[in-house]
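K.L.:
I'd like to ask some things about the structure below.
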Amino acid sequence: MIVDAGSLALPIALLASAYASVGSLLGGWRGIPVLVLSARYGLYTVPILLTLSTAALVYAFVTHDFSVRYVAENSNLAMPAAYTWVAFYAGNAGSLLFIAFVFSIISVVAVRGLASALKHTAPFSTGLIALVLAFFLGIITFLANPLERLSFIPPDGQGINPLLVHFGMFIHPPMQMAGLISVALPFSIAMGALLAGRGGRDEWVDIGRTWGMISWLVLTIGLLLGSWWAYTILGWGGYWAWDPVENSALMPWLAMTAFVHSIMVQKRRGMFRMWNIVLVAVAFTLAEMGMFINRGGPVPSVHSFAQSAMGWLFLAFMGFTLLGSLAAFAWRMDTLRSREALDAMLSRESAFLAQNVLFLVVAFATLWGTIYPVFTQASADEIIVVGQPYFNRVNGPLLLAIVVLMGIGPLLPWRRASWQRVLKAVRVPLAVGAGTMVVLAVAGVHRPVALIAIGVVALAVAGIAHEWVRGTLSRHRKGESYPVAFARLLSGNRPRYGGYVVHLSISMLAVGAIASSFYEVQRDFSMEPGDTQTLGGYTFTYLGFGRSDHPDRSEVTARFAASAGGSDLGTMEARRSFYHDFRMSSTRAAIRSTPLEDFYIVPSEFAEDGRAVFRVYVNPLVWWMWAAGPLFVLGTLLALSPRRERAAAALRIPAAARLASA
Amino acid sequence: MTAVPESSPWLVLVGLALVAIPLAAILYPFLRRRGLHGVLADAEPHEELDRRWDAALAGLRSAELERAIGTLGEEDYQVLREQYMTEAALVLRSLEMEAGREADLLARVEEEIRRVREGFLGGETDPGTEDRE
Amino acid sequence: MSWLALAFVVAACSATNDVPDLERRAQQINKSVMCPVCPGESIDQSQHPLAVQMRAAVDEKLGEGWSDAQVREFFVERYGPAVLLEPPAEGAHLVAWIVPPLGTALALAALYMVVRLMARPRSRPAEAADEMTAAERDEYVARIEAVLDGDSPRAREDAG
Numbered sequence: 029m030i031v032d033a034g035s036l037a038l039p040i041a042l043l044a045s046a047y048a049s050v051g052s053l054l055g056g057w058r059g060i061p062v063l064v065l066s067a068r069y070g071l072y073t074v075p076i077l078l079t080l081s082t083a084a085l086v087y088a089f090v091t092h093d094f095s096v097r098y099v100a101e102n103s104n105l106a107m108p109a110a111y112t113w114v115a116f117y118a119g120n121a122g123s124l125l126f127i128a129f130v131f132s133i134i135s136v137v138a139v140r141g142l143a144s145a146l147k148h149t150a151p152f153s154t155g156l157i158a159l160v161l162a163f164f165l166g167i168i169t170f171l172a173n174p175l176e177r178l179s180f181i182p183p184d185g186q187g188i189n190p191l192l193v194h195f196g197m198f199i200h201p202p203m204q205m206a207g208l209i210s211v212a213l214p215f216s217i218a219m220g221a222l223l224a225g226r227g228g229r230d231e232w233v234d235i236g237r238t239w240g241m242i243s244w245l246v247l248t249i250g251l252l253l254g255s256w257w258a259y260t261i262l263g264w265g266g267y268w269a270w271d272p273v274e275n276s277a278l279m280p281w282l283a284m285t286a287f288v289h290s291i292m293v294q295k296r297r298g299m300f301r302m303w304n305i306v307l308v309a310v311a312f313t314l315a316e317m318g319m320f321i322n323r324g325g326p327v328p329s330v331h332s333f334a335q336s337a338m339g340w341l342f343l344a345f346m347g348f349t350l351l352g353s354l355a356a357f358a359w360r361m362d363t364l365r366s367r368e369a370l371d372a373m374l375s376r377e378s379a380f381l382a383q384n385v386l387f388l389v390v391a392f393a394t395l396w397g398t399i400y401p402v403f404t405q406a407s408a409d410e411i412i413v414v415g416q417p418y419f420n421r422v423n424g425p426l427l428l429a430i431v432v433l434m435g436i437g438p439l440l441p442w443r444r445a446s447w448q449r450v451l452k453a454v455r456v457p458l459a460v461g462a463g464t465m466v467v468l469a470v471a472g473v474h475r476p477v478a479l480i481a482i483g484v485v486a487l488a489v490a491g492i493a494h495e496w497v498r499g500t501l502s503r504h505r506k507g508e509s510y511p512v513a514f515a516r517l518l519s520g521n522r523p524r525y526g527g528y529v530v531h532l533s534i535s536m537l538a539v540g541a542i543a544s545s546f547y548e549v550q551r552d553f554s555m556e557p558g559d560t561q562t563l564g565g566y567t568f569t570y571l572g573f574g575r576s577d578h579p580d581r582s583e584v585t586a587r588f589a590a591s592a593g594g595s596d597l598g599t600m601e602a603r604r605s606f607y608h609d610f611r612m613s614s615t616r617a618a619i620r621s622t623p624l625e626d627f628y629i630v631p632s633e634f635a636e637d638g639r640a641v642f643r644v645y646v647n648p649l650v651w652w653m654w655a656a657g658p659l660f661v662l663g664t665l666l667a668l669s670p671r672r673e674r675a676a677a678a679l680r681i682p683a684a685a686r687l688a689s690a
Numbered sequence: 038m039t040a041v042p043e044s045s046p047w048l049v050l051v052g053l054a055l056v057a058i059p060l061a062a063i064l065y066p067f068l069r070r071r072g073l074h075g076v077l078a079d080a081e082p083h084e085e086l087d088r089r090w091d092a093a094l095a096g097l098r099s100a101e102l103e104r105a106i107g108t109l110g111e112e113d114y115q116v117l118r119e120q121y122m123t124e125a126a127l128v129l130r131s132l133e134m135e136a137g138r139e140a141d142l143l144a145r146v147e148e149e150i151r152r153v154r155e156g157f158l159g160g161e162t163d164p165g166t167e168d169r170e
Numbered sequence: 050m051s052w053l054a055l056a057f058v059v060a061a062c063s064a065t066n067d068v069p070d071l072e073r074r075a076q077q078i079n080k081s082v083m084c085p086v087c088p089g090e091s092i093d094q095s096q097h098p099l100a101v102q103m104r105a106a107v108d109e110k111l112g113e114g115w116s117d118a119q120v121r122e123f124f125v126e127r128y129g130p131a132v133l134l135e136p137p138a139e140g141a142h143l144v145a146w147i148v149p150p151l152g153t154a155l156a157l158a159a160l161y162m163v164v165r166l167m168a169r170p171r172s173r174p175a176e177a178a179d180e181m182t183a184a185e186r187d188e189y190v191a192r193i194e195a196v197l198d199g200d201s202p203r204a205r206e207d208a209g
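Right under this line is the structure:
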């Protein structure tokens, strides 16, 4: 009963959001307040209806209602109840419902804010948001209804994809999906302002930046959790493979990174008005492409769990977005002239622009590598693979250039900088970077690329540290104690210092990535129970393995006694599970992680006589990559926390000031 | 479209109830026809000024910070400060004029009301108004 | 940061010498050769029997003194160019390699042009700035400074 009600709610939600879209756009265009209000209220009911559908699907999972096709395909009686949450989005139809549900909720939050803050823009933005929602609901209703019934009731379901049975799967896919869809919000806000003919007023910038940063933060968390999941469960010792789906999640992130930087220039200077709208349109197009590649796109990938022909509908919607944005842009371009001119070529503004260009170039190179195989197959019927080695070589130098800019850019003052001053300011970080390289070279790091990379990161960190020290000192000179001066420095200009905190976390990420990609040690060992081996200062004894059978899988667990430099590390366990129904195995590595390095054992083969082959890694500094995550969140929140100056304060003090100046 | 095994009368009722939710929300503004004022109203004129004020003050603060840190030279600082100050002063003056106009308008409206009321009451003054003034 | 750098040195020196040179070369090759039957995975990652076989072949050929390029060529001859995880840097596929750096160069050139264009001094719209008398301006400046001082250390201490 509740399942059928939930199923009925879907077409109704589709109609409501379609009405909201048309009504809002028409009402905004012709200036009909009653229609705008009615459309907005209509949109508000969509999350209510989708809550019912979502609850219905959860209910079907919990009660093992296998007459629902999606439940039969993605769960079975043996599945623990906690995995209902994962099973919900394990397949195509459910993940679409999840996206629509989440998007409908954040849309209502955003639209409520818009309706009170930007009265002219809101109808257009709301119309666009509702249009995106209607697209998803249309696909769910007509092509991928997760609540669709089977004509018979199977005794048991097929179970959940074993690769998804991992703690990381509780957060990574939902974050990733929410991140991709949430790019629609800054896009709709900016495009709504453009359509309303108010792109040239910077009124949309504050709310657009807020939603842009929220979306960017969620995308970042999704990417980091995805890497973490790959590292701990895919069992190949790495965290990023430049797989097409990873790339398709990275590209919108890159474009959004450009956006959250350049929007600051519009906020502060009323410049880059056209550029910001272009950036956010590019980001949304790339986000749509991400969803397209995830759902039956043309590129083979380990992630394509949800293959289907509807991918092409996503492509069509993407084309529509792109062309529509272009048309709107051409139509309203004259409203987007900058308020001010660039004062000098060397300035914070031009550094931001350079950052934008570099990020877009990385996104473009990634896109090029991702779709190149599609080109060759279509044009020459030749199958070509573009994988990790290509991307490392092409994007590596660009990413290093970005880190350099991250070190130098923030040292440029707004509006104008003189070369002498900049050179003077850059001296200290440059010296630290060069010094680090010398020290490392003397200490025994001899690979030039690794040396340069670490030197560059040291430069970036030194740039930030130098700024913080100087800033704190200058406040200290005015009579504040050091901790107070530092705290007030950070809270006095939150977008700036939040940005620095994010830069620090990116530096940590970079150090981890550089160290582990250049100095990872990997070796295969064939061992009998009782054998002892060493690698990179770690000694480990293979104690043997045990088998255990579960209803859905059989597991082999290998145990090790490990020690490092004479100190005992206790027992480590690596597991390999085989899922009968899926004919698929998943691996859980044994990982001993310290800030210095990870000691990582993956089982690759078990023979009947107890022999086994293990792949053992010593991965330096990977810990720092995961530690960067919380710092990143902290920095973004700091940069987001509002501080509004209102001119009212100045209007209220004339008398006092007159006295003071007299 | 949606696979419903058998259409029980209950389901029809549920469907109607579900349709009623968005329908009520959509029709509400048409039926009520009130509270529409301000749905499409222009942004307050001083919002644009407020934004420019924010930007100018942020500029002044960051210039000061950058001078203290040492990335901005004294000469450049003075130029920037001059520019930001002028911008902030202009904004402040416009805001004041805006406020003055608003007060003017308000006073004129009040005057009008009083005149109308006086005419309506035939010269009798409302004791309540008198007290307040 | 210095601690991190130090850690890096220790990490870099500690383990690399434990793996024989030949094996490290084999790993590099394994990571650049795709397992033909498991899309997207290198033979280094994959546990498929074919990948295991190919890894053994790499070890064998290197043991016989083949160069890295020869080993890769060997696989290309048997499985076609798609067996490599990067497009060959020759012939028509040179395009794959040239486009990103070319795009970067063009984008940077465009950036330079745009910044130069934007930085050209433009005549600002004559705003009411000139209409303000010096005395008027001074008064406004005093008030703005009062607002600015509201969060300077001195003002805070006075207040507290």
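Protein chains in written order, with the numbering used here: chain V, 29 to 690; chain A, 38 to 170; chain P, 50 to 209.
Yeah, the Cβ is synthetic: ideal placement off N, Cα and C, and Gly gets one too.
Given the structure is predicted, the values throughout are model-derived calculations rather than measurements.
#1: Can you find a C-beta in chain V that's less than 8 angstroms from the C-beta of Ala-175 (chain P)?
#2: Evaluate contact between the stretch 380-388 of chain V and the stretch 285-298 of chain V, counting only Cβ atoms and requiring at least three cross-stretch pairs below 8 angstroms.
#3: Measuring straight from C-alpha to C-alpha, what distance separates Leu-117 (chain A) and Glu-231 (chain V)?
#4: When DSSP labels each residue in this structure, what does Pro-523 (chain V) get in the three-state scheme?
#5: Output the distance between the C-alpha atoms of Pro-61 (chain V) and Leu-428 (chain V), rounded to the nearest integer angstrom.
#6: Can you tell me the Cβ-Cβ gap for Ala-128 (chain V) and Leu-78 (chain V), rounded? I've got them flagged as a contact below 8 angstroms.
#7: If we cut at 8 angstroms on Cβ distances, does Tyr-128 (chain P) have a partner in chain A?
#8: Would you decide whether Gln-76 (chain P) is buried or exposed? Buried here means 16 or more other CB atoms lie within 10 Å of its CB.
#9: Under 7 angstroms Cβ to Cβ from Val-107 (chain P), same chain only, skipping five residues before and after it: list those, please.
#10: What distance in whole Å lies between the Cβ atoms of Pro-670 (chain V) and Trp-652 (chain V), which are believed to be in contact at a cut-off of 8 angstroms?
#11: Using 10 angstroms around the beta-carbon of Ala-144 (chain A), count the other beta-carbons present and answer buried if the total reaches 16, otherwise exposed.
#12: Is the CB-CB distance between Cys-87 (chain P) and Ser-81 (chain P) below 8 angstroms?
#13: So what does DSSP say about Val-114 (chain V), is it helix, strand or coil?
#14: Please tell me whether Pro-202 (chain V) and Tyr-117 (chain V) are closer than 8 angstroms, where the distance is taken between their beta carbons.
#15: Can you name the residues of chain A whose CB is closer than 8 angstroms to the CB of Leu-364 (chain V)?
#16: Tell me the residue span of the alpha helix (DSSP H) that contains Tyr-210 (chain V).
#17: Using a Cβ-Cβ cut-off of 8 angstroms, state whether Pro-326 (chain V) counts as contacting chain P.
#18: How big is the Cα-Cα spacing for Arg-265 (chain V) and Gly-574 (chain V)?
#19: Leaving aside the five residues before and after Phe-514 (chain V) along the sequence, list all residues of the same chain whose C-beta is less than 6 angstroms from its C-beta, in chain order.
#20: Step through the CB atoms of chain V and report whether any lies within less than 8 angstroms of the CB of Ala-92 (chain A).
#21: Taking Pro-39 (chain V) as the reference, give the member of V:Gly-657, V:Glu-377, V:Ser-366 and V:Leu-171 with the closest Cα.
#22: Of all the residues that make up the stretch 137-155 of chain A, which are near chain V by a beta-carbon distance shorter than 9 angstroms?
#23: Strictly below 8 angstroms CB to CB, what residues from chain V border Glu-72 (chain P)?
#24: What residue from V:Phe-89, V:Val-646, V:Gly-572 and V:Arg-58 has the CA that sits closest to Tyr-111 (chain V)'s CA?
#25: DSSP puts Leu-133 (chain P) in a beta bridge; with which residues?
#26: For Pro-98 (chain P), which residues of its own chain have a beta-carbon under 7 angstroms away from its beta-carbon, when the five flanking residues on both sides are left out?
#27: Quick check: the Cα distance between Met-29 (chain V) and Ala-224 (chain V), rounded to an integer number of angstroms?
#28: Against chain P, with Cβ distances strictly below 8 angstroms, would Leu-129 (chain A) count as a contact?
#29: Give the residues of chain P in contact with Met-122 (chain A), contact being defined as C-beta atoms less than 7 angstroms apart.
#30: Using C-beta distances below 8 angstroms, list every residue in its chain close to Thr-536 (chain V), excluding the 5 sequence neighbours before and after it, in chain order.
#31: For the candidate residues V:Ser-591, V:Leu-42 and V:Gln-294, whose alpha-carbon lies nearest to that of Asn-173 (chain V)?
#32: Can you find a CB in chain V that lies within less than 8 angstroms of the CB of Glu-103 (chain A)?
#33: From which residue to which residue does the beta strand (DSSP E) around Glu-508 (chain V) run?
#34: Near Gly-461 (chain V), what residues of its chain come up, given a Cβ to Cβ distance below 6 angstroms and the 5 sequence neighbours on each side ignored?
#35: List, in chain order, every chain P residue whose beta-carbon is nearer than 7 angstroms to that of Ala-125 (chain A).
#36: Assuming Ala-93 (chain A) and Val-128 (chain A) form a contact by the criterion Cβ under 8 angstroms, report the distance between their Cβ atoms to the nearest whole angstrom.
P.N.:
Let's see:
#1: Any reading at Ala-175 (chain P) needs caution, since the residue's pLDDT is 49, under 50, leaving its predicted position unreliable; the model's value is listed next. No, its Cβ sits nowhere closer than 8 angstroms to a Cβ of chain V.
#2: yes
#3: 24 angstroms
#4: helix
#5: 52 angstroms
#6: 6 angstroms
#7: No, Tyr-128 (chain P) lies away from the interface with chain A (no Cβ there is under 8 angstroms from its Cβ).
#8: Buried is the call here.
#9: Same-chain partners within the cutoff: Ala-75, Ile-78, Asn-79 and Val-120.
#10: Their Cβ separation, rounded to whole angstroms, is 31 angstroms, which puts Trp-652 (chain V) and Pro-670 (chain V) out of contact at 8 angstroms.
#11: exposed
#12: no
#13: Collapsing the DSSP output to three states places Val-114 (chain V) in a helix.
#14: Taking 8 angstroms as the Cβ cut-off, Pro-202 (chain V) and Tyr-117 (chain V) qualify as a contacting pair.
#15: Simply none; closest approach about 16 angstroms.
#16: In the sequence on display, residue 210 (chain V) carries Ser and not Tyr. 200-210 is the span of the alpha helix (DSSP H), which, as asked, contains Ser-210 (chain V).
#17: For Pro-326 (chain V), the predicted structure reports a pLDDT of 49, less than 50, and the residue's modelled location is therefore unreliable. The matter cannot be settled from this model.
#18: Reading the sequence as shown, one finds Gly at residue 265 (chain V) and not Arg. Computed Cα separation, rounded: 23 angstroms.
#19: Thr-500
#20: Chain V contact via Cβ: present.
#21: V:Leu-171
#22: Within the stretch 137-155 of chain A, no residue has a Cβ that lies closer than 9 angstroms to any Cβ of chain V.
#23: Arg-551
#24: When each option's Cα is compared against that of Tyr-111 (chain V), the closest is V:Phe-89.
#25: Residue pairing of Leu-133 (chain P) in beta bridges, as defined by DSSP: P:Val-82.
#26: none
#27: 45 angstroms
#28: yes
#29: Against Met-122 (chain A), the close residues of chain P are Val-190 and Ile-193, in the order they occur along the chain (beta-carbon pairs closer than 7 angstroms).
#30: Rather than Thr, the amino acid found at residue 536 (chain V) in this sequence is Met. For Met-536 (chain V), where only same-chain residues beyond five positions count, the Cβ hits under 8 angstroms are Trp-652, Met-653, Ala-655, Ala-656 and Leu-659.
#31: V:Leu-42
#32: The beta-carbon of Glu-103 (chain A) is placed less than 8 angstroms from the nearest beta-carbon of chain V.
#33: Looking at the DSSP string, Glu-508 (chain V) is not in any beta strand (DSSP E), and its letter there is neither H nor E.
#34: Gly-483, Ala-486 and Leu-487
#35: Ile-193
#36: 6 angstroms
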